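Numbering (this note's numbering), first residue to last: 18 to 119.
Next comes the structure, spelled out in C-alpha cells:
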C-alpha cells in the first residue's frame with residue numbers, strides 16, 4: 018500500500034547528508050591541515066557543527082591530526098574531534114551514567 022512495504026531501508030548516514038564530510042575526511046586522512054581548516058572556515062556556523070560531528074563519527078578514533086600551527090581553525094577541529102571520539106568511546110550518556118567498563 019502506497020509503496021511502503023517491501024522497500025529496502027536506506028542505510029543510516031553518520032554524516033547526516035553533509036556533503037562536506039567526505040572531502041574533509043580525505044583531507045584529514047592525508048594530513049592536509051590547511052586545506053581542511055579552509056574548508057571548515059568557509060562553512061556557515063550551523064554547518065560547521067554538523068561537519069565536525071560527521072568528521073568525528075567517520076574518522077578513526079585517535080587518528081593523527083595535522084599540526085595545529087598550520088591554521089587557526091585547526092584548534093576548533095582538533096577539539097571537536099577529541100570530543101566526538103570521547104563520546105564514541107564512552108557512550109553518549111551524561112557523565113553520571115557512564116563508567117570505566119564501557
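Here a beta-carbon is modelled for each residue, glycine too, at the ideal position from N, C-alpha and C.
This structure is a prediction, so every number in the text was calculated from the model and none was measured.
What would DSSP say about residue 78, mapped onto helix, strand or coil? coil
Beta carbon of residue 56 nearer than 8 Å to that of residue 40: A distance below 8 Å separates the beta carbons of residue 56 and residue 40.
Please specify which runs of the alpha helix (DSSP H), each continuous and at least 4 residues long, are wholly inside the region 43 to 112, giving them in chain order. 50 to 58, 62 to 75 and 91 to 107
Inter-residue CB distance, residue 91 and residue 50 (contact presumed, cutoff 8 Å): 6 Å
Best match in 94, 104, 106 and 111 for proximity to residue 38 [C-alpha to C-alpha]: The shortest C-alpha separation from residue 38 is found at 94.
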